[in-house]
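> As given, the protein sequences belong to chains P, W and U, one line each in that order.
Numbering-wise, the first sequence is residues 65 to 151 according to our numbering.
Numbering-wise, the second sequence is residues 8 to 420 according to our numbering.
Numbering-wise, the third sequence is residues -18 to 928 according to our numbering.
For every residue, glycine included, the Cβ atom is placed at its ideal position computed from N, Cα and C.
My structure is below; once you've seen it, I'll send some questions.
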Amino acid sequence: MKLLTCPMNGPRNIDEFQYLGPVRDDADPDTASDAAWARHVFRAANPPGRLLEWWRHVPTNFVFVAERDTVSNDVIRTFDPATAERP
Amino acid sequence: MVFRLLKYGLSHRYPVTGDIPATPDLKPRYDVVIIGGGGHGLSCAYHLARYHGIRRVAVLEKGWLAGGNTSRNTTTIRSNYLTPQGIAFYKEGLELFAAMSDELDFNIMFSQRGQLTLAHTEATMRAFHTRAEAGTYMGTRIEVVDPKGVEALCPELNMDYGGALEILGGLWHADGATARHDAVAWGYAAQAARCGVEIHQRTEVDGIEIAAGRVTGVVTSRGAIACDHVLIACGGMNYHVAQMAGVELPIRTYPLQAMVTQPVKPWLNILISSVSLHTYLVQSSRGEVVIGGGSDPYQLYSTRSTLDMKEHLAEGSVHLFPFLQGVRVLRQWAGITDMTPDYSPIMGASPVTNLWLDCGWGTWGFKATGVAGKRLAECIATGRVPAILHPFALERFERFALLNEMGATAASH
Amino acid sequence: MTRLPAPFGSRIDRARTVAFTFEGRRVEGFAGDTIASALAAHGQWMLSRSFKYHRPRGVMSMAGHEANTLVRVGREPNVQADLTPIAEGMVVTAQNVAGSLAADRDAVIDRFGRFLPVGFYYRTFMGPTRDAWQRLWEPIIRRKAGLGVVDTDVPARTFDKAYLHCDVLVVGAGPAGLAAAVEAARAGADVVLCDGEPELGGSLTYAAPDGASATAAIAEASALSNLRVMTGTLCNGWFEDNWLPLIQGDVLVRARAAEVILATGGIEQPAVFRNNDRPGIVLGGAARRLIRHYGVRPGQRAVVLAGTPDAFGVATDLAAAGVAIAAVVLPRPLPDHDVALERLRGAGAAIVTGRIDEADGKEHVGAVRVGDDWFDCDLVTVSVGQAPAWQLACQAGGRLGHDEATQRLTLTLDRPGARLAGSAAGHADHGAVVADGRRAARAALRALGRDAPDLEPPRDNGLVFAHCALPLDPDPRAKDFIDFDEDLQVKDLINAVAEGYREIELVKRFTTVGMGPSQGRHSALATARTVAAATGRSVAATGVTTARPPVGPETLGVLAGHGHVAERRTALHARHMALGAEMKPVGAWWRPYLYGTGERARAIADEVRLVREGVGVLDVSTLGKLEVRGPDAGVFLDRLYTMAHADQPVDRVRYCLMLNEMASVIDDGVAYRLDQDRYYVTATTGAVAHVYAEMTFWNARWRLRVDVLNLTGAWCGLNITGPGARAVMTALDSDIDFTRDAFAYLDGRVGTVAGVPVRAMRIGFTGEPSFELHCPGSLAATLWDAVMAAGEPHGLRPYGLEASRVLRLEKGHILIGQDTDALSSPDELGFGWAVSKKKPFFVGKRALEARRRLGFDRRLVGLTFAPDAPEVPGESCLVLRDGAPVGGITSVAHSPTLGHAIALAYVHPDDAKSGHVVTIRGRSGAPIRAIVAGHAFVDPTNARQDL
């Protein structure tokens, strides 16, 4: 069982967490074309390499961001976006 | 048949057929470059060379032939989908499989044993009815069966569980089949090579060259090649390779794990799966029970295995067949799969002229090995996308016109 | 009987005889014997028939490394006879035989091997007709496939799981592992030492070099309180972040270790020559295990293949056990062993230079040929070196390499938290192995933040002769096996390369080499060398196939564990049971399906009529219940749901509809504004977990000042509904005024009922006057009892889920997930009224606008069927238009209120007008006429709910 370090609860088994997908760029619903909005809805970063992504610690309902390498599966860092500067 | 066995037995030396030629030097130019030496890419190469007279074709494989999901999948062939468009396509795929051994003169061990999917909830039963109604309308052999029917089809199943594990019924897809996955790729490779197709193993693509919105070549680890057409058919790496051409696909990459038991004498004659337990089982012709389930929960390009998935698959298997408690797991493995938002593939044109897509197959591409290759060869040869592929266009994601197959794919592969 | 006296037989208790049967014959062994050792003691070497050619096979490693020893024990197939202890009354039988082990009719296949070359099945079995494979050939092949027989009637047993945490987990209790564990424990670390063998010591228990002993280390390991010893425990895999399954009998222990030391030792390799699979041809280690562990004299007259100095230890043990040594075969000079050779020569052994070229003997080895000389024997011991036990290390990211100078496989592992020690790391000399164990422990201690100075890398003089690479030229008459499990010979691999399968993974797939139960333990090195020679590559460039978990076979039972299924019950479960309800699972929840008895359709209709004509009560406790609190609660709901909630008055309840980002409907419920900053929001039973997560997730991005509390499991709910509902409510002891004017439709009130704090809402799914009371679960039974008592004079009875579904369908209320699918937009459902046109933003709004512009191709409508319709379609039946499917039935039921069938269905938008006739394809395939109606079949003007 892989470990993931929750910024609030520390390292926990990864089956305590829910994966919420890659962090996406914000798109402006008022200016985006229909097709551009559709791309925003359906496309997400999927690089073989570093990825910023949302996770939720289910028992405590705490949502945070992890930076993970999608090839090695190494977690580079996790942080609470409310208190950390997003890169 | 008997003659062939005698040929081996009575020949002084082993009569080499030479299925896969050694990787030749790269030529400076090809008509078509196919990125990905898996079943789909090889099938497309074969169809181009055999039926469209296009023989200057190079298949590029970064590792070894068919070493990706072609050799890692659990070999379910079916057409029990939800939408008429989906069924029409997969039905053609199944028909090509049935004829494939003859077509390729290579025994792919196609075995139409039927697939039984189990329902433990009323919602699943409803979904089964939807598939059965659409399937029978399209002329496939598919029906919803009650618990008695389930028991008749698979007497070994434990029917005694109550509650959430009670078996309410099943979906019996008599057309469901299995085949030897490697043989499919090898058969296509051997026949494509005989038609002049070049297969380049250990040849990785590093870039796709585009001029004026049209594909002009690819850059490989062994040098650059010019070409008129490129097909992207590289499974879990599709998102990454398409990006080389500036095409951002709505794809996320997830591992799919499976495991196999030690060989035991055949006892399971059908393909069986349970939607609620996320488990499916098929016994190979070697006697191994191949067990698979759902994808991993997060994006990953690694084929590592996890203990949790193995425990989960074991639990599901033992729920269905308690006597499997004493059967031993031999090996677990994983493939990396390219999943689209509607769990349906993307086939046909891309925003770049002559850059063709055979992507987004997720966890169920094996069943379409023949038909995807055949239809994409048609695209490349004619420059037009045939109607049967229209529902699978990349462009559907800009029109919110997703294929309503969600649910048809879970734990069935 | 070939038993030796003590000190031979360290594992057996000669005082305790244990009897079992093998192939129907009674066999006596001693407590501590394995099946294979007890049989060997009686001269029974043959244990099985091989997979393909049905050749006789017996013990080769005595370490569970090969499929040769797989037998059936009782009802369990594929049990390893060389590892499994005997038990009184055990019934052991051979597998994969036609007839009996001794007289296997399929043994004839062996003579036709030349007709069955590698991969032959890909080129044959295709005629004479297209389906010949499936109809004719596959059934024959399938009968020959597999090894053991699964008993499909065997009853289930109980397995269990446990957890374990430690600082350092040492895998392997041989000299390196023992040294590592003791070193780490001395420094104060929390250490676990595990080994699959029944005792500590590893190879020292049967193959100790002169002067080497584990006694001191074992004594210390047993005395250290912070060192947990787990013998008989198989570490069967390495998974991310040092998560390792330790199998102890029927228990799967999942261990998390900060540091792992893999002291997994080596795997002794066989030699390849014609008939190298005959029973009686064993690895040197197997002979020594038989002698030392089990006191079994493994033969009368032996030939010793001495590729490595290990052979001299084997010869010494054989001599001590009274085995005559016919010949010592030296493939290469072994300097420094002249004295030992002279001693053997003096004892009568021929010392011959060369290799074993072939073996003879029908069911047991009878002689071997070296060059032109034959040597009679009934035992051949093979010592040609070891491969490092690479499985765990490779799973942890380690790599196998090949050292051209010494012709051996090398193993490296470079990963934080895991390291190799001892012979797994390539050491051969006993001193070096022990020193390397200590060194690995020091490194692990440093990684744990402890002060532990590094030790000098050990000097190792044994490596030069540790491996002996014999030539792998194919024997012209074959039967020179590289893979015993799969009956693969040298030529098979060469032929695969000739066919173009030049990559090691393709060779594996084409020939199945390494795919059998031993997973390449004995074949990987020989395969790599054969393929390297055939392709002109180096062994290192050829490589070996990927090592996958598990290390050794593990049962599905131990992996599955106890298999308990979690279920959820509402606080009223006991009440429902007492009332004789038929309970059904809905997801994890158990809900009353029906209370009545007798004929089902009638009982359901009775419950429907109860609500339409009197008053009924439904347990709605499984509904999702979320409390949204904070100054931005209204704004938050406005962004999440399609209707307006920020301007919703306090004490009012409003429908809420949730879309996803592509504007598909994913949930609905109601939001009750408790006060300015507090809403009580319901969600559907199946979706609440998702809705709760979505709320949190969105707010991680929006950062509004709200907090969401999931009360689903903590609170219960009852819905009292029917024309008689108000009479029941007003009869209750409550501070809430339930009269019509005081408590209007979609009002909410907080108060007490029968002393129970409640949240009351005028909402319902039935279209009748309805009151929903929510209260803490601990008080739900009190509330239920009070409601039942107050309702008794009014004929109040509970009704079940099925009647509830009919009641809602009569009103045309949709069920999310049943009447909607992944693409259903509010427009397709006719839910325009539930979507705010004024709000600047809500989740899904932008996509909804885009989808509106693109148009939609279906609409959800009500359908009615004539009371005398010959066939009523079932759920999911297709709606056809000009013969083509345009939609399908999502819900259908017979309406007891209306006396005919009603349904919800997707139809073409042009048909979505009341009165249009559509055609349904019935289950039988026959067309059925239906008339389009509005959603609400009963009381379309909604007059009744406000009675």
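Taking the beta carbon of W:Ser228 as the centre, do at least 16 other beta carbons fall within 10 Å, making it buried, or is it exposed?
Your numbering for residue 228 of chain W matches position 221 in the second sequence. It counts as exposed.
> Could you confirm whether any beta carbon from chain W is found closer than 8 Å to the beta carbon of P:Thr181?
Given that chain P is displayed from residue 65 to residue 151, the structure contains no residue 181 of chain P and the question cannot be resolved.
> Rounded to whole angstroms, what is the Cα-Cα separation between U:Leu401 and U:Leu227?
Along the third sequence, read from residue 1 onward, the residue named residue 401 of chain U stands at position 420. Along the third sequence, read from residue 1 onward, the residue named residue 227 of chain U stands at position 246. Distance between U:Leu401 and U:Leu227, taken at the CA atoms: about 18 Å.
> Helix, strand or coil for U:Ile(-7) per DSSP?
Your numbering for residue -7 of chain U matches position 12 in the third sequence. Looking at U:Ile(-7) - three-state DSSP - the assignment turns out to be coil, as it is neither helix nor strand.
> Would W:His188 be called buried (16 or more neighbouring beta carbons within 10 Å of its own) or exposed?
Position 181 of the second sequence, counting from 1, holds the residue named residue 188 of chain W. Classification for W:His188: buried.
> Take U:Val869 and list the residues in its own chain whose beta-carbon comes closer than 8 Å to its own, dropping the five residues that flank it on each side.
Start at 1 with the first residue of the third sequence, and residue 869 of chain U comes out as number 888. For the record, residue 869 of chain U in the displayed sequence is Gly; it is not Val. Correct list, in chain order: Ser857, Cys858, Leu859, Val860, Ala886, Tyr887.
> From the DSSP output, in three-state form, read off W:Met346 for me.
By 1-based counting over the second sequence, the position of residue 346 of chain W is 339. DSSP places W:Met346 in strand when its eight states are reduced to three.
> Based on the DSSP secondary-structure assignment, which residues constitute the bridge partners of U:Val232?
The residue labelled residue 232 of chain U in the question sits at position 251 within the third sequence. Beta-bridge annotation (DSSP): U:Val232 is paired with U:Asp141, U:Gln229.
> With 8 Å as the threshold, decide whether the Cβ of U:Trp696 is near any Cβ in chain P.
As a working mapping, residue 696 of chain U is identified with position 715 in the third sequence. Taking Cβ atoms only, chain P never reaches closer than 8 Å to U:Trp696, which makes this a no.
> Which residues, taken in chain order from the segment 88 to 108 of chain P, show a beta carbon closer than 7 Å to some beta carbon of chain U?
Pro93, Asp98, Trp101, Ala102, Val105
> Would you report the Cα separation of U:Ser404 and U:Val333, rounded to the nearest angstrom?
Taking the first residue of the third sequence as position 1, residue 404 of chain U is located at position 423. Taking the first residue of the third sequence as position 1, residue 333 of chain U is located at position 352. Spanning the two alpha carbons is a distance of roughly 29 Å.
> Among residues of its own chain, excluding the 5 on either side of W:Arg201, which ones have a beta-carbon nearer than 6 Å to its beta-carbon?
The residue given as residue 201 of chain W occupies position 194 in the second sequence. So no residue of the chain qualifies.
> For U:Ala239, which of U:Phe846, U:Ala425, U:Asp341 has the nearest alpha-carbon?
Indexing the third sequence from 1 puts residue 239 of chain U at position 258. The residue with the shortest Cα to Cα distance from U:Ala239 is U:Ala425.
> Would you please state the rounded distance, in angstroms, between the beta carbons of W:Leu178 and W:Asn411? I believe it to be under 8 Å.
On the second sequence, residue 178 of chain W is found 171 positions in, with the first residue counted as 1. On the second sequence, residue 411 of chain W is found 404 positions in, with the first residue counted as 1. Not a contact, Cβ separation roughly 17 Å.
> Would a C-beta distance cut-off of 8 Å place U:Gln250 and U:Ala421 closer than the cut-off?
Along the third sequence, one-based indexing puts residue 250 of chain U at 269. Along the third sequence, one-based indexing puts residue 421 of chain U at 440. No, they are not a contact pair.
> Note down the Cα distance separating U:Ser504 from U:Leu128, rounded to an integer number of angstroms.
The residue given as residue 504 of chain U occupies position 523 in the third sequence. The residue given as residue 128 of chain U occupies position 147 in the third sequence. Taking the straight line from one Cα to the other gives about 19 Å.
> So P:Ala146 contacts chain U; which residues on that side make the cut at Cβ distance below 7 Å?
The sequence position of residue 146 of chain P within the first sequence is 82, counting from 1. Result: Arg684.
> For the segment 624 to 710 of chain U, list the beta strand (DSSP E) runs that are entirely contained and at least 3 residues long, ordered along the chain.
As far as the segment 624 to 710 of chain U is concerned, its whole beta strand (DSSP E) runs of at least 3 residues are 634 to 640, 646 to 656, 659 to 664, 688 to 691, 696 to 702.
> Please list the segments of the beta strand (DSSP E) lying wholly inside the segment 172 to 248 of chain U, counting only runs of 3 or more residues, in order along the chain.
Taking only runs of at least 3 residues, the beta strand (DSSP E) segments lying wholly in the segment 172 to 248 of chain U are 172 to 175, 208 to 211, 224 to 229, 232 to 243.
> Below 7 Å CB to CB, which residues in the same chain sit around U:Leu804 once its five sequence neighbours on both sides are set aside?
Residue mapping note: residue 804 of chain U aligns to position 823 of the third sequence, counting from 1. Residues of the same chain with a CB within less than 7 Å of the CB of U:Leu804, apart from the 5 flanking positions on each side, are Ser645 in chain order.
> What is the rounded straight-line gap between the Cα of U:Gly915 and the Cα of W:Lys98?
Against the third sequence, residue 915 of chain U aligns to sequence position 934. Against the second sequence, residue 98 of chain W aligns to sequence position 91. Straight-line Cα distance between these residues: approximately 38 Å.
> For U:Gly825, would you say it is in contact with chain W, using Cβ-to-Cβ distances shorter than 8 Å as the test?
The sequence position of residue 825 of chain U within the third sequence is 844, counting from 1. Chain W, which has no Cβ nearer than 8 Å to the Cβ of U:Gly825, makes this no.
> Tell me the DSSP secondary structure of U:Ile121 in three-state form.
Counting from 1 along the third sequence, the entry for residue 121 of chain U is found at position 140. Taken through DSSP and simplified to helix, strand or coil, U:Ile121 comes out as helix.
> Only counting runs of 4 or more residues, tell me where the alpha helix (DSSP H) segments fall wholly within the segment 258 to 320 of chain U, in order along the chain.
265 to 275, 291 to 301
> Assess contact between the segment 106 to 114 of chain U and the segment 28 to 42 of chain U, defined as three or more Cβ pairs (one per stretch) separated by less than 8 Å. Is contact present?
no
> How would you list, in chain order, the residues of chain U whose beta-carbon sits under 7 Å from the beta-carbon of P:Asn125?
For the purposes of this step, residue 125 of chain P is identified with residue 61 of the first sequence, where counting begins at 1. Within chain U, the residues near P:Asn125 are Thr677.
> If you measure from the beta carbon of U:Trp224 to each beta carbon in chain W, is any gap under 8 Å?
Stepping through the third sequence from its first residue, residue 224 of chain U is reached at position 243. With 8 Å as the cut-off, U:Trp224 counts as an interface residue toward chain W.
> List, from N- to C-terminal side, the beta strand (DSSP E) runs of 3 residues or more that fit wholly inside the segment 364 to 415 of chain U.
367 to 369, 380 to 384, 389 to 393, 399 to 401
> In chain P, which residues lie with their C-beta within 8 Å of the C-beta of W:Phe399?
Locating residue 399 of chain W in the second sequence gives position 392, where the first residue counts as 1. Per Cβ cutoff of 8 Å: no residues; W:Phe399 is ~15 Å from chain P at best.
> Quick one, are the C-beta atoms of W:Ala104 and U:Tyr103 less than 8 Å apart?
Start at 1 with the first residue of the second sequence, and residue 104 of chain W comes out as number 97. Start at 1 with the first residue of the third sequence, and residue 103 of chain U comes out as number 122. Reading off the sequence, residue 104 of chain W comes out as Phe, not Ala. The answer is no: Cβ separation not under 8 Å.
> Taking contact to mean 3 or more Cβ pairs, one atom from each stretch, closer than 8 Å, check whether the segment 424 to 440 of chain U and the segment 450 to 470 of chain U are in contact.
Counting Cβ pairs under 8 Å, fewer than three are found: no touch.
> I need the boundaries of the alpha helix (DSSP H) containing W:His188, first residue and last residue.
Position 181 of the second sequence, counted from the first residue, corresponds to residue 188 of chain W. Membership of W:His188 in the alpha helix (DSSP H) is indicated by the continuous run 188 to 201.
> Using three-state DSSP, classify W:Gly156 as helix, strand or coil.
The sequence position of residue 156 of chain W within the second sequence is 149, counting from 1. Per DSSP, reduced to three states, the secondary structure at W:Gly156 is helical.
> Suppose the cutoff is 8 Å on Cβ atoms and the five residues either side in sequence are ignored; what does the same chain contact list for W:Leu327 look like?
The residue labelled residue 327 of chain W in the question sits at position 320 within the second sequence. For W:Leu327, where only same-chain residues beyond five positions count, the Cβ hits under 8 Å are Leu125, Leu164, Asn165, Ile279, Ser281, Leu284, Thr286, Leu288.
> Using the Cβ count rule (16 or more neighbours within 10 Å means buried), how would you classify W:Arg209?
One-based indexing of the second sequence puts residue 209 of chain W at position 202. Looking at its Cβ environment, which holds fewer than 16 other Cβ atoms inside 10 Å, W:Arg209 is exposed.
> Sorted by chain position, which residues of the same chain lie with C-beta nearer than 6 Å to U:Val99's C-beta, five sequence neighbours on each side aside?
Sequence index remark: in the third sequence, residue 99 of chain U carries index 118 (1-based). Only Asp473, Asn476, Ala477, Thr492 meet the Cβ criterion.
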